[in-house]
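Residue numbers (this note's numbering): 43 to 128.
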């Protein structure tokens, strides 16, 4: 029983290693070229990844409000915290 268990385990591990697909290996030049191309495309077509706040400068810093963000608005009384949050 132990020998058959070990044989079946060995066979499964062997099958797993045969199923691993090889990935293409990129050179540094190819990687940097792809990164710069992607950055150029994003700079030509700017889009927020989150929800726009309506304030251009705030959106440029935060890329919009993200689902995982915890937003804390703090300030002295009568500074417009409620108006901003509405």
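Cβ coordinates follow ideal geometry from the N, Cα and C atoms, glycine included.
Quickly, what does DSSP pair residue i with across the bridge? List them, please.
i: residue 107; result: 93
Between the Cα of residue i and the Cα atoms of the options, which residue gives the shortest distance?
i: residue 112; options: 127, 120, 118, 57; result: 127
Examine the Cβ distances between the stretch 69 to 79 and the stretch 96 to 106 and report whether three or more of them are shorter than 8 Å.
Taking 8 Å as the limit for Cβ pairs, the verdict is that the stretch 96 to 106 does not touch the stretch 69 to 79.
Where in the stretch 55 to 83 do unbroken runs of the beta strand (DSSP E), each at least 3 residues long, occur, reported from the N-terminal end onward?
List check, beta strand (DSSP E) in window: nothing returned.
How do the stretch 106 to 120 and the stretch 90 to 98 stand: do at least 3 beta-carbon pairs fall below 8 Å, yes or no?
Judged by pairs of C-beta atoms under 8 Å, the stretch 106 to 120 touches the stretch 90 to 98, as three or more such pairs exist.
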